[in-house]
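Protein chains in written order, with the numbering used here: chain R, 1 to 146; chain P, 1 to 610. Cβ atoms here follow ideal geometry from the backbone N, Cα and C, with glycine treated the same way. Bear in mind that the values here come from a model prediction, so they are computed numbers and not experimental data.
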């Protein structure tokens, strides 16, 4: 009964809602984040009853780099995955010269001096991000070469 | 001689006896099938014997889902009589059960198995410690106030970004399904609930960046063995499903099982009787004493608002123009009138805004990438600079709890009235905002009964009310909206009537408070139907953390030609987390045939939350 009552209440609340789509993009370059248009706000309210945000939640220990070009220098897989998944955040933090993602990358690459690492990446921003459509492999190759 | 042969054969028969049968009989003598831990492993709630896991694959015995004794037998038996010795073996599929049985019964001579998949997982996850993660409410979506919780398994890495998130959610695909149906199915158990495992950075992208929700992390005081046992149990649940129910068997509730499996002495589920809201699970976990540290992660939105605070109005304009490619970032860097730090903040804010526009489909990818690189390459020239100061909001733990009872006393037009109220969930605009997102309201079944002149009447019975009074800033331009459905006494006559309203408006504010304008179309229904529209102006002032003042004036015009004024004033005094005193004045204009002057109500209420 309890569930039924509240369901009806929710119907009343949400009946004006439209159907919206969330455009989920994946990739190895910059700009591969979830894009939401205005109607997604309504969707978010609806999603509150399932706590689900994307339909296909997996039980995966890797975020995957399967579609990405490989790095020239043999790298650890974790670093590749991390960079592929955090391209935009990393670009920003590298430009700022500090941040959690930069520190994480330093740890993955076993760099001792995180401060110096962040500062070196900042000075090399233009060579790391040499084009708008730079990909994970190029970013990591430039970082390990510098 | 014969006697020796007899003894010899007896001895042999014992040696070769089926260990499984022996251990089953020991286990049954010890009544392990009644053991709390066995029930935890099978997800059997405190009452009864029926598991909450609805998937037959989770059970080895035919009637395992309702017979913990049969399941115990079947598990011991299967561990000794493995059909295969690889990932498909019982030991590999149920490592937590195996671990507990080995420990409790001292099982020996179990077949050697090779759990390749599980070992790969453990090697990658490197489980060391665990945290409970609570993404806070999403602005403009008060329903998200109920939040979400998931568990994070931390590794030896210092960076928590490399941890893994264990999440329980309804397996629904919002892209494929009607949004309306989607919400309903979530409520009534129309979806399978599944566990998923993802790198924590993916969750950060989802909640912190995309949903713009602040995140609270509560480190759990669990040791490595306990965390390992939790991971083993998660592995057992990996491919199984349970029906998902928004109110009780939801994401947060299922996280409680995991914590109890990690440490049996912790009792969390007993804390709840009816429904489980994520903020309440945080309270329960905190009260059980296993929270060691708490951390706050600002959302993208919070970060952008912090930049707004650091910038002047002119600088904010520059950031907005940069994000749209209207001015060149070089012009900021070359501006000699600006301090180095202002330049950094302007460019950083511009980069955030650019990304925000893109993520909200207000800019295309090509422009986003182009502006991003030009802004950031200029920012990279300016060195490290200061860290953006972000003030940490009150911990959700310091907020009031979900259920409210209220006792009120006062006068209505000189006549004493007494009121008693009960609200199962959750928060309204008059309640203290400490630990809540300002300007949000969500109420279920708010009930207020009035005792006056020896009569008991319904003063108010709100089915559901939601409000999102979101302030507009230079960077964010949200609309405010609110809806309400239920009985109230605000109509022109003196009876309570059923009403529904849905309205929208605008709000502005600063740290001291906010004001708003709302336009609310509404209708009343009892024997006849009356439609109308109300225009409201209101303000909320925060004197300090303890005091909060609300006021609102409304003018309504009905389709039957009548007009009506309403006014409300409320002074909230927060005595502690869960106790508040409220002084209220309400004015409701009534038909002159009923009351010349309308209803003037003064009252004092004592609100208690639990």
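- Identification of chain P residues near residue 33 of chain R by a Cβ-Cβ cut-off of 9 Å yields 205, 209, 210, 355, 358, 359, ordered along the chain.
- Nearest CB-CB separation between residue 482 of chain P and chain R: not below the 7 Å threshold.
- If you look at residue 118 of chain P, you'll find it in the alpha helix (DSSP H) that goes 116-125.
- At a cut-off of 7 Å, the C-beta of residue 142 of chain R has no neighbouring C-beta in chain P.
- Distance from the CA atom of residue 394 of chain P to the CA atom of residue 436 of chain P, rounded to whole angstroms, is 8 Å.
- Bounds of the beta strand (DSSP E) holding residue 295 of chain P are 291-297.
- At a cut-off of 7 Å between beta-carbon atoms, residue 107 of chain R makes contact with chain P.
- For a cut-off of 8 Å, the C-beta gap from residue 33 of chain R to residue 359 of chain P is around 6 Å, short enough to register as a contact.
- For residue 96 of chain R, the chain P residues whose C-beta falls within less than 7 Å of its own C-beta are 348, 379, listed in chain order.
- Taking 8 Å as the Cβ-Cβ cut-off, the region 101-130 of chain R approaches chain P at 101, 103, 104, 107, 108, 118, 119, 122, 123, 125, 126, 129, given in chain order.
- Contact check for residue 517 of chain P and residue 509 of chain P: beta-carbon distance about 13 Å, past the 8 Å limit, so the pair fails to qualify.
- The region 428-447 of chain P makes contact with the region 547-557 of chain P, as at least three CB pairs between them are under 8 Å.
- Residue 446 of chain P sits buried, since 16 or more C-beta atoms from the chains shown fall within 10 Å of its C-beta.
- Per DSSP, residue 119 of chain R is one residue of the alpha helix (DSSP H) stretching across 114-123.
- Taking 7 Å as the upper bound on Cβ-Cβ separation, chain R lies near no residue of the region 508-522 of chain P.
- In this structure, the beta-carbon distance from residue 148 of chain P to residue 298 of chain P does not fall below 7 Å.
- DSSP places residue 555 of chain P in no alpha helix (DSSP H) but in the uninterrupted beta strand (DSSP E) bounded by 547-558.
- Contact note: residue 85 of chain R reaches chain P through 199, 201, 202, 205, using a C-beta cutoff of 9 Å and chain order.
- If you compare the alpha carbons of P:555, P:511, P:542 with that of residue 532 of chain P, the shortest gap goes to P:555.
- For the region 374-434 of chain P, the continuous beta strand (DSSP E) assignments of 3+ residues that do not extend past its boundaries occur at 404-412, 415-423, 425-427, in sequence order.
- In the displayed model, residue 496 of chain P falls within coil according to three-state DSSP, outside both helix and strand.
- In the DSSP annotation of this structure, the continuous segment of the beta strand (DSSP E) that includes residue 530 of chain P starts and ends at 529-542.
- In this structure, residue 343 of chain P sits near residue 332 of chain P, with a CB-CB distance shorter than 7 Å.
- The continuous beta strand (DSSP E) containing residue 447 of chain P extends over residues 440-452.
- At a cut-off of 7 Å, the C-beta of residue 237 of chain P has no neighbouring C-beta in chain R.
- Bounds of any beta strand (DSSP E) do not take in residue 54 of chain P, whose DSSP letter is neither H nor E.
- Secondary structure note for residue 196 of chain P: its beta strand (DSSP E) is the uninterrupted segment 191-199.
- Leaving aside the five residues that flank residue 379 of chain P on each side, the residues in its chain whose CB is nearer than 6 Å to its CB run, in chain order, 347.
- The beta carbons of residue 134 of chain P and residue 38 of chain P sit no closer together than 7 Å.
- Bounds of the beta strand (DSSP E) holding residue 220 of chain P are 215-220.
- Cβ neighbours of residue 301 of chain P within its own chain (closer than 6 Å, five residues either side excluded): 212.
- Cβ-Cβ distances below 7 Å link residue 73 of chain R to 141, 144 in the same chain, with the five nearest sequence neighbours on each side left out; the list follows chain order.
- Exclusion of the five residues before and after residue 371 of chain P leaves 323, 325, 354 as the residues of its chain whose Cβ lies within less than 7 Å of its Cβ.
- Going by C-alpha positions, residue 472 of chain P is about 46 Å away from residue 263 of chain P.
- In this structure the region 217-229 of chain P does not lie against the region 39-47 of chain P, because fewer than three pairs of beta carbons, one per stretch, are closer than 8 Å.
- Taking residue 565 of chain P as reference, the option from P:139, P:64, P:597 with the minimal CA-CA separation is P:597.
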